[in-house]
Structure formats: C-alpha cells, structure tokens
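Those protein sequences? They're chains A and B, same order as listed. Just so we're aligned, residue 13 is where the first sequence starts under the numbering used here, counting upward by one. Just so we're aligned, residue 33 is where the second sequence starts under the numbering used here, counting upward by one. Here a beta-carbon is modelled for each residue, glycine too, at the ideal position from N, C-alpha and C.
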Amino acid sequence: MSGTERATSQNRVAPVRGRASRPFPEPASPLFADYLDGLARGCLMIRGCATCGARQWPPRALCGCCGGQDFRPVRVTDHGIVHTFSVVYRAFDPWFAERVPYGIVVADLGDGIRMTGNYLGEDLDTLACGLPVDARYCRDGGHTFLAWAPR
Amino acid sequence: MTGRVARALITGVGETDYVRGTTQTTETLLLRAALAACADAGVEPASVDGVVMPSGKLSAETFVHALGIGDLRFHAANSMGGASAAAAVMIAAAAVISGQASRVLVAAGGTQFSGGRKLSRSDGSAAQFSWPAQDFRTHLERPYGLTVPMQWYSLQANRWLYETGADPAGLREVALAARAHARNNAKAYFRDRPLTAQQYDSAPYVVTPFRIYDICLESDGAAAVIIEPSGTAGRDGHRDVVLLGGGEGHADVPDDLVSRPDILELGLAKAARRVLGGLGLTAADFDFAQVYDCFTFVVLRQLEELGFCKRGEACDYVLSAGIGPGSGTPVNTHGGLLAQAHIAGMNHVVEAVRQLRGEAGPAQLARAELGLVTNYGDMSAGSLLVLAAS
Chain A
13 MSGTERATSQ NRVAPVRGRA SRPFPEPASP LFADYLDGLA RGCLMIRGCA
63 TCGARQWPPR ALCGCCGGQD FRPVRVTDHG IVHTFSVVYR AFDPWFAERV
113 PYGIVVADLG DGIRMTGNYL GEDLDTLACG LPVDARYCRD GGHTFLAWAP
163 R
Chain B
33 MTGRVARALI TGVGETDYVR GTTQTTETLL LRAALAACAD AGVEPASVDG
83 VVMPSGKLSA ETFVHALGIG DLRFHAANSM GGASAAAAVM IAAAAVISGQ
133 ASRVLVAAGG TQFSGGRKLS RSDGSAAQFS WPAQDFRTHL ERPYGLTVPM
183 QWYSLQANRW LYETGADPAG LREVALAARA HARNNAKAYF RDRPLTAQQY
233 DSAPYVVTPF RIYDICLESD GAAAVIIEPS GTAGRDGHRD VVLLGGGEGH
283 ADVPDDLVSR PDILELGLAK AARRVLGGLG LTAADFDFAQ VYDCFTFVVL
333 RQLEELGFCK RGEACDYVLS AGIGPGSGTP VNTHGGLLAQ AHIAGMNHVV
383 EAVRQLRGEA GPAQLARAEL GLVTNYGDMS AGSLLVLAAS
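So, in structure tokens, the structure goes:
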C-alpha cells in the first residue's frame, strides 16, 4: 500500500503531530484559483492567455509570450506519463513524518505541461520513469490534492 | 572579453573553525572570518571599502562597525542559494575593476547546524528558507511532501539515470573521493572517518537515489575573501591569486525544475560555455576543480556540463579517471561540503586559493597553476571562478 493511501485514510481518523492536514497554502494565491477549482471539481486546469492564447503553466502574473495579464482556464488531459519521480524515506514536514515512504510523481501531460502529485500505486517499487498514470483527486479536510495512479 | 576579469586578485582568505555545534552567532562567525581574511591579506580591516554579502545574511552596516570602516564605498547582496558565494566574488571583482571600491570583502557561512532552521529536519523548517517563486513551492510542492533541495535534485537524478543509463556506482565514487580528500585537510569534519564502499552500499535511501553519504554536511562556520584590483599585489611576499574570469548562469525556467523543458539543465552549463569559451580554456586545462557538492549527483552533473565528459558519462569518468587524491584532476581537495564542511561554497574558493599559493598542507598538489571553482544553488543556478597562481 502506498504512503499516500495510508495518509488519506489516517487523516480522517486523527491528526498527527500538531497538523491535521497536508501543508496546504493558507490562503491560496489567486494565481492558482483555476488550478485549485479544477482539482476540487475533478479535472486539471492550466491557464491560457486571453490576448494571444498561449498556454501558461505554472501560473504567473504576465503571459510570457505577449505580456498580457488576462487569462482564462484551459482544461488539460488527466492522463500522463511519469517524467520523473522521487521516493521519500525521510520526512521534511511533520504531516509526512508518519507517512514515509511515499512517492512523488512528476507526470508529463504532453505539450510541455507537467504536474506534480503523490503516487497511488500499490507498490513503490513499480514507480518508474515512463509509467502511464491517471490523475486522481483526493480530499484532505477542505482541500483537494492531486495523486497519480498507474493506468 | 566575456567572463574575463584578470584585473582582480584574491589577496586574502580567512576561515573560522568548521564545527557542528556552536554557541556563536552567524554574525560573529562572519565577522571573525572577515578579520581573518584581512589579517591573511596583511591589510587593516578599516581599509576595506566594499562589502558583498552572498545571500544577504548580514548587513553591510554591521561590517562597518566591526571592521572600523570609515568610508564604505560599495556594498551588494545577491540571492542564488548555494551559487551565491562565487557569484558574489564576481560582483566584488566588478566593483574593484570599475573603481567603485578598492578592497572588497566577501564573507559567507553561518550557523547552518546550530541556527534553528535545518533542511534535514522533519519539523517543516525548510519552509522558512527563501526559495525562488515561493508560490510554486507552497501550492505545487509542499502539499505533496516535496520540500527540500535533496528532493528537487532527486527528480533530476532519477530522470538522468533513466535517460542516460548512468551507473549509480558513480554517486558512491564521489562520496568515497570526498572522504579520501578529507583525510588531508585539518579542518575537515570527516578527517578521521574514512568511508568504505560497503558502508555506502549498506546505507538506506533517504530520498531515492540518495543515501546519507550522498548528502552534504550541515555545518557552523564562515569563510571570507578579500578582492583587490591587480597592481596591489606583493605585500609581505604574499602570493596573490589572479581571478582570470568567472560568471553566473541560470537555467531555463530558473524558478521551477518541474516545468523546465529539459529538467536536467543546469545554469552552470550556460556560464561554463561563456566563461571557459571566452578564456579559451577546456576542462583538461585545470589542475584541480573545487566543485560545489551539496549532493554527489550534483558533482556528477556539473562535471558533465564543465566538459570533463558528456551528459550521462560522469559516472564512467569518475570511475575510470577518478577524482580522489592522486587523480589527474582532483575534485574537492579539501573534502568539500560532503566531508569538510558546508560553508556555502566559500570553502571551495578558500581551498582553491590555498592550492594556488602552495599552502594546502598534506593536500597540496604537485602542480597547481590553474584552478576551477563552481557553486550551485536553488533550482540549479550556477556560478564559477577561474583562478590562477600569480
């Protein structure tokens, strides 16, 4: 069983070491509103420039192509390929201290878009570059976080 | 002309003790290293008229009081994480060459072990460090347990192993070489603690593919250098070291590894092409290289981008040519961050100066005329210095 699955089930039972949930940003930046709303609704949203249409991820104040500052949400696929990964055996945040080992996945969604989430595979040894993965949207308190499950 | 200085000298170096556990403050350590560098240069501390602070750890005003500076003409701070110290030396060189100052101090280090915030801790204190693009860190990384540099660079390392088929035994070789060099350095924390391949192999992973021996020390201590324009050399028969050139480099998408088109790219690659190309030098020209070694993997990738070998070949390079004592181009003759101390890479600059002066003690190389120093930090920002004996 992966660290992430353990983590989500444990979190509903009891807070661990002083923090009840993952270290989510409080408050979230308005730049990430489309992305976070997407996660809550079960899809992956990046941004597109309202002026020139260039896609932007991660979100920044200005469009890197035309300098525009108006953006609209753009939905992207939630199927990816593991571009790279890490398996973490030592926690660097109190919430993760009792949840090691866990896997971090950087999934390639095509067109240069990559998104980071935790690995949901049964066995961390299966986590490798090139593995096809699908997005999963996991609840933790009032937040939704991204996880990647082997296809 | 690109990256070429040659009109600046490193005229003095100073270090505090390098320890793990101190009651001294970062301020005290930096000031003591500064005074030691002035003494080494044979100059009155009050004659320093410029201060550059890598990572801005201390204000220039603090140095004014401690050194008795009457007319501070120049100060600057930069922010490149572990790449800051060597880049700060280049700022100091620019200041003395342009005439804005005549004697500039650069001091780095602090209480990384005893100071309360540690990147090795499980208490989340890494979040208090200043990283580029904090919003990316807080929204896209920390909720997923991606918090510290060893995790960022593990993302590069795992991709590198996959793309190139590099032999992970190369990481071990870097760790073993660092400990072997440390035996020749009186200030090295691991001077009396050699490492064996068996010890390395039996250590568990901290973050794949890094074991504890792939990860640098956290240390208390400081190091400083004095930069002056050429033409001021020769006090007390001192052997000043010539700063032939240097520079900094930033990777594409410098504030985010994950979305960088080539996740393996290093800022050092751009800087090395510019600086070494401008000087007409190649890796083979150097008698030694002091390569920023926060992690063994980071040494390997820098050796590739410096031109010692091609991408994916650094493991073969260190396993065949070697980088330890007695090798053709020894790397980190002081033991580096892995085995001497983590003094923000300024200890690499100090060791390069000592080698070029012939004052490196048991680690002294038979030939030390031309040396290379790199620093590395944040999301793979890089800086380098090319130093020559006078």
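Sequence-distant partners of Q81(A) (beyond 5 residues in either direction) whose C-beta falls short of 6 Å from its own C-beta, in its chain, are L74.
What G124(A) touches in chain B, judged by beta-carbon distance under 9 Å, is S291, P293, going in chain order. Distance check between S412(B) and each of I355(B), I42(B), L300(B), L172(B) places L300(B) closest, using alpha-carbon atoms only.
The contact set of I116(A) on chain B, defined by CB atoms closer than 8 Å, consists of Y176, G177, L178, Q183, L187 in chain order. For E297(B), the three-state secondary structure derived from DSSP is coil. Under DSSP, E47(B) takes part in a beta bridge, and its partners are A255(B). At a cut-off of 8 Å between beta-carbon atoms, H171(B) makes contact with chain A. At a cut-off of 8 Å between beta carbons, F168(B) contacts chain A. In this structure, L137(B) places its C-beta atom within 8 Å of the C-beta atom of A66(B). Taking CB atoms only, V86(A) has no neighbour in chain B less than 8 Å away.
In the three-state reduction of the DSSP assignment, H155(A) falls in the strand class.
Secondary-structure assignment with DSSP links I244(B) through no beta bridge to anything. Close to P236(B), with beta-carbon spacing below 7 Å, are these residues of chain A in chain order: Y101.
Chain order gives the chain A residues near V239(B) as S98, V99, V100, Y101, R102, where near means a beta carbon separation below 8 Å. Under a criterion of Cβ atoms nearer than 9 Å, the residues of chain B adjacent to W69(A) are, in order, S291. Between the alpha carbons of L419(B) and A158(B) lies a gap of roughly 34 Å.
Shown here, Q183(B) sits in a helix according to DSSP, grouped into three states. Sequence-distant partners of R191(B) (beyond 5 residues in either direction) whose C-beta falls short of 8 Å from its own C-beta, in its chain, are I295, L296.
Assignment of M411(B) by DSSP, reduced to helix, strand and coil, places it in the coil class. Judged by DSSP in its simplified three-state form, A321(B) adopts strand. One thing to note: Y221(B) has its Cβ within 8 Å of the Cβ of R52(B). Annotated three-state conformation of N216(B) is coil, per DSSP.
The stretch 230–241 of chain B makes contact with the stretch 97–106 of chain A; the number of CB pairs closer than 8 Å reaches 3 or more.
With contacts defined by Cβ atoms closer than 8 Å, R135(B) and V45(B) do not form a contacting pair.
Bounds of any beta strand (DSSP E) do not take in Y349(B); it lies within the alpha helix (DSSP H) bounded by 346–352. Assignment of P85(A) by DSSP, reduced to helix, strand and coil, places it in the strand class. If you check the CB distance, D319(B) and L402(B) come in under 8 Å. Contact annotation: L132(A) and W160(A) have beta-carbon atoms nearer than 8 Å.
By the criterion of a C-beta distance shorter than 6 Å, L151(B) is surrounded in its chain by A158, V180, once the five residues flanking it on both sides are discounted. Taking all protein chains in view, the Cβ of C341(B) is crowded by 16 or more other Cβ atoms within 10 Å, so the residue is classified as buried. Proximity of chain B to C141(A) at the Cβ level (cut-off 9 Å) is accounted for by N190, R191, L193, Y194, E195, in chain order. Neighbours of T128(A) across chain B, judged by C-beta separation under 8 Å: L172, E173, Y176, L178, V290. Under the three-state reduction of DSSP output, N190(B) falls in the helix class. For L43(A), same chain residues with a beta-carbon under 6 Å away, outside a window of 5 residues either side, are P71 in chain order.
Listed along chain A, the residues sitting closer than 7 Å to D155(B) by beta-carbon distance are P106. Following the DSSP letters along the chain, one finds M127(A) inside the beta strand (DSSP E) bounded by residues 126–131.
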